[in-house]
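Shown next, in structure tokens, is the structure this report addresses.
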Amino acid sequence: MDKGTFTKALGENIRGMRNDNGISQTELARRCGKDQQHIELIENGKTTCTSYTLFLICLALECSADDILPVGSRFRDSP
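Residue numbers (my numbering): -6 to 72.
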């Protein structure tokens, strides 16, 4: 998986988990100590996040990194 595909999938997973938890981007940003615009960029796949920001997002969404990181057979490159 290339970086662009990873970044987009990560953002989609974060957005999905946030929506499942019924919170806004603004609320997620507040819980993480980030700007709403930064969360928006991450969710839209325009930027990736540091491991620490991912940690903060996981805490805010009460989930593990395994729930958010794009891993598994559906994300692996074809042989």
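We put the beta carbon where it would ideally sit given N, CA and C, even for glycine. Since the model is a prediction, treat every value here as computed from it, not as a measurement.
Burial state of residue i (16 or more Cβ within 10 Å)
i          : result
residue 15 : exposed
residue -6 : exposed
residue 18 : buried
residue -2 : exposed
Closest by C-alpha distance to residue i, when choosing among the options
i          : options        : result
residue 3  : 52, 39, 24, 55 : 39
residue 33 : 6, -2, 62, 44  : 6
residue -4 : 11, 42, 52     : 42
Alpha-carbon to alpha-carbon, residue j and residue i
i          : j          : result
residue 28 : residue 64 : 27 Å
residue 48 : residue 9  : 17 Å
residue 53 : residue 37 : 19 Å
residue 0  : residue 31 : 14 Å
residue 13 : residue 44 : 22 Å
(request) List in chain order: all unbroken alpha helix (DSSP H) runs of 4+ residues lying wholly within the stretch 3 to 70. (result) 18 to 25, 29 to 36, 44 to 54, 58 to 61
(message) Does the contact criterion of 3 or more C-beta pairs under 8 Å hold for the stretch 57 to 64 versus the stretch 17 to 24?
(response) no
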